[in-house]
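S.K.:
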Amino acid sequence: MGPWLRIPCVVSAILCAAGLSSGEATPAVTPQAEIDVVVETGLLTPPEHRDAYLETMLEYARQCLGGLVPKESHPAGSSPPAGAARYRLFIEHRGKVEVDAMAAPAKMVGETGEDTRQWITRQKGEMRFRLGRWDGTAYPTVDQWSSTFQTEHFLPMPADASLDERAQYQRVARNLATPEGVKSGILNHLLPIQLAGTSGKPGSAQDFTLSVTNRSRWALRTLEVTITWSAPGEDRRYRYMSEVSYKGRLEPGARMELKGVAERDPSMFAWEYSLPPQIEARPVFAPGG
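Start counting the sequence shown at 0; every next residue gets the next number (numbering that gives the first Met the number 0).
(1) On the three-state DSSP scale, how would you describe M126?
(2) Answer yes or no: do L67 and W217 have a C-beta to C-beta separation smaller than 8 Å?
(3) Roughly how far, in whole angstroms, is the beta-carbon of T291 from the beta-carbon of E179, given that I think they are within contact range, below 8 Å?
(4) Does D163 come out as helix, strand or coil in the three-state DSSP assignment?
(5) Going straight from the alpha carbon of P231 to that of F268, what length do you get?
(6) Note down, in chain order, each residue of its chain lying with its Cβ closer than 7 Å to the Cβ of G65, except the 5 sequence neighbours on either side.
(7) State buried or exposed for A75, treating a residue as buried only when at least 16 other CB atoms are found within 10 Å of its CB.
(8) Of the choices V260, Y239, E256, whose alpha-carbon is the least far from that of S266?
(9) Around the C-beta of A172, are 16 or more other C-beta atoms found within 10 angstroms, so that it is buried, or is it exposed?
(10) Per DSSP, what kind of secondary structure is V171 in: helix, strand or coil?
(11) How long is the line joining the alpha carbons of R121 and Q277, rounded to whole angstroms?
(12) In terms of residue numbering, what span does the alpha helix (DSSP H) encompassing S183 cover?
(13) Could you tell me if G94 is buried or exposed, where buried requires 16 or more neighbouring beta carbons within 10 angstroms of its beta carbon?
This is the structure in structure tokens:
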């Protein structure tokens, strides 16, 4: 037997010692969770803010996928082991943050003066989502979508603030930039919730109806919604806020209505009355979709 014939025999012996053979596949990984999340961002910002931004992205995504994600999360910016979950949601953020000093008066409700100034944190960008399903070796795409977002945050600052104080306010203002687009991007695709109608005398409690459609792959078990919106009155606008919840089973593709009563929720700042309806939702789904 020539020396060149001994090499395959040695390799075969090593494989057998490891409990494998050259024709035997690596044992398949059994997913331990329904879905996990991987996030990344191209945001140009100081490292400490970028790390906090990624952590918030991951936490926001987990809030939208209650009942499906594992109880303990991996560090943001890293990936769980391949095959750790049946599904993996990849979220890519692209955008920028701009902070402008004293851009406009921070008017209080009913005031016209400029005693207080403000920083404005403007944020806009795009969230790209890709849902993959584990096939034993990788996560081929089963769904993908994207959403754009644009938000503004206002930070009041005394008009007589010193240069050092203004710099401090500026740092705080930059940290107001958070990835809110993650929540709306996920929920608008998987579980769109809309304010379907309101009724009541302006300035008094309002009856309202929410429309909820389950467009996900999983049955919805519970849902908690907080909604805030503004409506015109005779001489001004009014803000309302309410919480409503659901417990049952809303199958994929099904739609329902939730009804509630909202009380007035006045704000100190005039600009908040011009915001569109703000909807915060915490769903819990049933695994196995």
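Idealized CB from N, CA, C, for every residue including glycine.
For clarity, every value in this text was computed on a predicted model and none was experimentally measured.
M.R.: In terms of the structure at hand:
(1) As a first step, residue 126 is located in the sequence shown; it is residue number 127 there, counting from the start. If DSSP states are grouped into helix, strand and coil, M126 belongs with the strands.
(2) Walking along the sequence shown from the start, residue 67 turns up at place 68. Walking along the sequence shown from the start, residue 217 turns up at place 218. Their beta carbons are under 8 Å apart, which means L67 touches W217 by this criterion.
(3) It is not possible to answer for residue 291, since the shown part of the chain is limited to 0 through 288.
(4) Along the sequence shown, read from residue 1 onward, the residue named residue 163 stands at position 164. Looking at D163 - three-state DSSP - the assignment turns out to be helix.
(5) Position 232 of the sequence shown, counting from 1, holds the residue named residue 231. Position 269 of the sequence shown, counting from 1, holds the residue named residue 268. Computed Cα separation, rounded: 16 Å.
(6) Counting from 1 along the sequence shown, the entry for residue 65 is found at position 66. Excluding sequence neighbours, G65 sits near R281, P282, V283, F284.
(7) Your numbering for residue 75 matches position 76 in the sequence shown. It is buried - the Cβ of A75 has at least 16 other Cβ atoms within 10 Å.
(8) Indexing the sequence shown from 1 puts residue 266 at position 267. Selected option, being the one with the closest Cα: Y239.
(9) The residue you call residue 172 lines up with position 173 of the sequence shown. A172 comes out buried.
(10) Indexing the sequence shown from 1 puts residue 171 at position 172. Looking at V171 - three-state DSSP - the assignment turns out to be helix.
(11) The count along the sequence shown starts at 1 and reaches residue 121 at position 122. The count along the sequence shown starts at 1 and reaches residue 277 at position 278. One C-alpha to the other measures close to 18 Å.
(12) Translated into positions along the sequence shown, residue 183 becomes position 184. Note, S183: alpha helix (DSSP H), 179 to 189.
(13) Residue mapping note: residue 94 aligns to position 95 of the sequence shown, counting from 1. Buried, by the Cβ-count rule.
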